[in-house]
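Engineer: In the numbering used here, the protein residues as written are 218 to 297.
(1) Give the single residue among 290, 283 and 228 whose Cα lies nearest to the Cα of residue 245.
(2) Fully enclosed by the region 218 to 294, which beta strand (DSSP E) runs are 3 residues long or longer?
(3) Go through its chain and collect everything with a Cβ distance to residue 275's Cβ below 7 Å, but skip five positions before and after it.
(4) Assuming residue 258 and residue 250 make a contact with CB atoms under 8 Å, what is their CB distance in whole Å?
(5) Can you give me the C-alpha to C-alpha distance between residue 280 and residue 252, rounded to a whole angstrom?
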(Lines of atoms letter the chains of each structure in order from A and count residues from 1; the text may use other names and numbers.)
(Lines give C-alpha, C1' and ligand atoms only; values in the text may rest on other atoms or scores of the structure.)
Protein backbone atom coordinates (compact mmCIF):
# COMPACT_ATOMS: atom_id res chain seq x y z
CA UNK A 1 0.00 0.00 0.00
CA UNK A 2 1.32 3.45 -0.86
CA UNK A 3 0.94 6.27 1.63
CA UNK A 4 1.10 10.01 1.11
CA UNK A 5 2.93 12.25 3.57
CA UNK A 6 2.92 16.05 3.27
CA UNK A 7 5.61 18.26 4.74
CA UNK A 8 6.22 22.00 4.96
CA UNK A 9 9.91 22.20 5.62
CA UNK A 10 10.49 19.51 8.23
CA UNK A 11 6.98 19.61 9.75
CA UNK A 12 4.24 17.16 8.79
CA UNK A 13 0.98 18.77 7.64
CA UNK A 14 -1.85 17.88 10.04
CA UNK A 15 -5.61 18.46 9.75
CA UNK A 16 -5.47 18.69 5.96
CA UNK A 17 -8.19 17.74 3.50
CA UNK A 18 -6.61 15.31 1.04
CA UNK A 19 -8.41 14.00 -2.04
CA UNK A 20 -7.06 11.78 -4.81
CA UNK A 21 -8.60 12.18 -8.26
CA UNK A 22 -8.24 8.84 -10.04
CA UNK A 23 -8.83 8.74 -13.79
CA UNK A 24 -9.40 5.22 -15.03
CA UNK A 25 -8.58 3.90 -18.53
CA UNK A 26 -10.98 4.87 -21.30
CA UNK A 27 -14.07 2.71 -21.49
CA UNK A 28 -14.92 0.70 -24.61
CA UNK A 29 -17.13 3.64 -25.62
CA UNK A 30 -14.16 6.00 -25.29
CA UNK A 31 -15.50 7.74 -22.17
CA UNK A 32 -13.26 9.13 -19.44
CA UNK A 33 -14.17 7.87 -15.97
CA UNK A 34 -12.95 9.73 -12.88
CA UNK A 35 -13.36 8.75 -9.22
CA UNK A 36 -12.51 10.76 -6.12
CA UNK A 37 -11.01 9.15 -3.02
CA UNK A 38 -10.75 10.96 0.33
CA UNK A 39 -7.55 10.16 2.24
CA UNK A 40 -7.72 10.12 6.04
CA UNK A 41 -5.29 10.61 8.93
CA UNK A 42 -7.58 9.30 11.68
CA UNK A 43 -5.82 6.13 12.76
CA UNK A 44 -8.52 3.84 11.34
CA UNK A 45 -7.89 1.27 8.60
CA UNK A 46 -6.02 1.80 6.31
CA UNK A 47 -4.38 4.62 8.30
CA UNK A 48 -2.23 3.27 11.14
CA UNK A 49 -1.55 6.27 13.39
CA UNK A 50 -3.85 9.24 13.94
CA UNK A 51 -2.55 12.77 13.33
CA UNK A 52 0.91 11.80 12.13
CA UNK A 53 0.66 13.53 8.75
CA UNK A 54 0.35 10.21 6.87
CA UNK A 55 -2.88 10.18 4.84
CA UNK A 56 -4.22 6.83 3.64
CA UNK A 57 -7.05 5.33 1.60
CA UNK A 58 -7.84 2.26 -0.42
CA UNK A 59 -8.68 2.38 -4.11
CA UNK A 60 -10.32 -0.85 -5.25
CA UNK A 61 -12.37 0.32 -8.24
CA UNK A 62 -10.09 -1.07 -10.93
CA UNK A 63 -12.18 -1.72 -14.03
CA UNK A 64 -9.72 -2.56 -16.78
CA UNK A 65 -6.09 -3.04 -17.64
CA UNK A 66 -4.34 0.16 -18.55
CA UNK A 67 -3.07 3.40 -17.10
CA UNK A 68 -4.68 4.90 -14.01
CA UNK A 69 -3.74 8.54 -13.47
CA UNK A 70 -3.78 9.93 -9.94
CA UNK A 71 -3.76 13.59 -8.97
CA UNK A 72 -3.71 14.51 -5.27
CA UNK A 73 -5.15 17.80 -3.99
CA UNK A 74 -4.45 19.05 -0.46
CA UNK A 75 -6.11 21.90 1.41
CA UNK A 76 -4.76 23.08 4.77
CA UNK A 77 -4.40 26.16 6.96
CA UNK A 78 -1.00 27.27 8.19
CA UNK A 79 -0.89 27.60 11.96
CA UNK A 80 1.10 30.40 13.51
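From the three backbone atoms N, C-alpha and C, an ideal C-beta is built for every residue, glycine too.
Structural biologist: This is what the structure gives:
(1) Taking the first residue of the chain shown as position 1, residue 245 is located at position 28. Residue 283 holds the alpha-carbon nearest to the alpha-carbon of residue 245 among 290, 283 and 228.
(2) Counting only runs of 3 or more, we get 234 to 241, 250 to 256 and 286 to 292.
(3) Taking the chain shown and counting its residues from 1, one reaches residue 275 at position 58. These residues qualify, in order along the chain: 263.
(4) Residue mapping note: residue 258 aligns to position 41 of the chain shown, counting from 1. Residue mapping note: residue 250 aligns to position 33 of the chain shown, counting from 1. Between residue 250 and residue 258 the Cβ distance is about 27 Å, and since that is not below 8 Å, they are no contact.
(5) Along the chain shown, one-based indexing puts residue 280 at 63. Along the chain shown, one-based indexing puts residue 252 at 35. Note on geometry: alpha-carbon atoms of residue 280 and residue 252 lie some 12 Å from one another.
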